[in-house]
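Novice:
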């Protein structure tokens, strides 16, 4: 099956974008894996699909598959690419679009400077909704005291063959575990990331974030994404890390996040007690190339 695609990237997080507004392609999980494969396919962290609005009050549906072929709830860097894609393809003339994702509706805004701001919605702290099984972790004697954490609990995860690690647990449409480190460049992301991702406390697995706080308005971040591995940037991961830092009292409500692929700006007013405030993420979105590829029956 010959299909058209667009390759895009947002802060180094790269995507294959498919237009299904005129009809479904009907791809299997194996075919999504083929498209994401960097040797035999196009190569991408995620596959993004644009579909018609499924209900009133939204402009499109936005569907995300990870490189392992599994569908996931949300992708913030992908959302920025999504709005640039629908504008460049002439699918809308709006600067602000509302799209349905797996967990609800998000709003995307194309700014005059070319960057895109995404209203990522409010963070989720209710553990069953993350989802997170607190019976597989503990909170007492967590070493986060060295950073002066506040009363919002960090959860300590026992890890096989390693010391237990304290993480902040929340969802930004998909589950995140955020670990504060002294030096993110030296952090054992590739060693601890898979262990945190597959920890039994997370029944749907989890994205593992490694956060270094530089000052109250600047952080560095690396993320080991479930079903992908370490990526150059993770939009929901940046949101989760900043929200966790604000709740712990480490950060102010507007933070620049330096990832290996570029800078994202995250804003959240929840530190003043407005836990239901939305998280706003602003960053770049770029089209790399377009093409066609013959996708085999898999």
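In this note's numbering, the protein residues as written are 110 to 407.
No residue lacks a Cβ here, since even glycine has one placed at the ideal position from N, Cα and C.
These figures come from a predicted structure and were not determined experimentally.
Residue 407: buried (16+ other C-beta within 10 angstroms of its C-beta) or exposed?
Specialist: Numbered from its first residue, the chain shown carries residue 407 at position 298. Burial call: exposed.
Novice: Keeping to the same chain, check which residues put their C-beta closer than 8 Å to that of residue 274; ignore five residues upstream and five downstream.
Specialist: Translated into positions along the chain shown, residue 274 becomes position 165. Closer than 8 Å at Cβ, skipping near neighbours: 265, 266, 268, 288, 301, 305.
Novice: According to DSSP, what are the bridge partners of residue 264?
Specialist: As a working mapping, residue 264 is identified with position 155 in the chain shown. Paired residues: 276.
Novice: Looking at C-beta atoms only, is the number of pairs between the segment 376-386 and the segment 160-179 that lie closer than 8 Å three or more?
Specialist: The segment 376-386 is not in contact with the segment 160-179.
Novice: Pick helix, strand or coil for residue 400, following the three-state DSSP scheme.
Specialist: Translated into the one-based positions of the chain shown, residue 400 becomes position 291. Looking at residue 400 - three-state DSSP - the assignment turns out to be strand.
Novice: Using 10 angstroms around the beta-carbon of residue 135, count the other beta-carbons present and answer buried if the total reaches 16, otherwise exposed.
Specialist: Numbered from its first residue, the chain shown carries residue 135 at position 26. Exposed: under 16 other Cβ atoms inside 10 Å.
Novice: Count Cβ pairs between the segment 359-378 and the segment 200-212 that sit closer than 8 Å; are there 3 or more?
Specialist: The segment 359-378 vs the segment 200-212: no contact.
Novice: Drop a sphere of 10 angstroms on the beta-carbon of residue 111, count the other beta-carbons inside from all chains shown, and report buried for 16 or more, exposed for fewer.
Specialist: Here the question's residue 111 lines up with position 2 in the chain shown. Exposed: under 16 other Cβ atoms inside 10 Å.
Novice: Can you name, in chain order, every residue of its own chain whose Cβ lies under 6 Å from the Cβ of residue 344, other than the five neighbours on each side?
Specialist: For the purposes of this step, residue 344 is taken as residue 235 along the chain shown, with counting starting at 1. Answer for residue 344: 185, 186, 390, listed in chain order.
Novice: Using DSSP with H/G/I as helix, E/B as strand and the rest coil, what is residue 347?
Specialist: Locating residue 347 in the chain shown gives position 238, counting from the first residue. Residue state, collapsed to three classes: helix.
Novice: In chain order, what residues of the same chain have a beta carbon less than 7 Å from the beta carbon of residue 398, not counting five sequence neighbours either side?
Specialist: Mapped onto the chain shown, residue 398 falls at position 289. Around residue 398: 116.
Novice: Are there 16 or more other CB atoms within 10 angstroms of the CB of residue 202, so buried, or fewer, so exposed?
Specialist: As a position in the chain shown, residue 202 is number 93, starting the count at 1. Flag for residue 202 reads exposed.
Novice: Would you kindly check if the distance between the Cβ of residue 286 and the Cβ of residue 108 is under 8 Å?
Specialist: Residue 108 falls outside the range modelled here, since the chain spans only 110 to 407, and no answer is possible.
Novice: When the distance is taken between beta carbons, is residue 341 closer than 8 Å to residue 121?
Specialist: The count along the chain shown starts at 1 and reaches residue 121 at position 12. The count along the chain shown starts at 1 and reaches residue 341 at position 232. In contact: residue 121 and residue 341 (Cβ atoms closer than 8 Å).
Novice: How would you write the range of the beta strand (DSSP E) that residue 316 sits in, first residue to last?
Specialist: In the chain shown, counting from the first residue as 1, residue 316 sits at position 207. Run containing residue 316: 316-324, per the beta strand (DSSP E) assignment.
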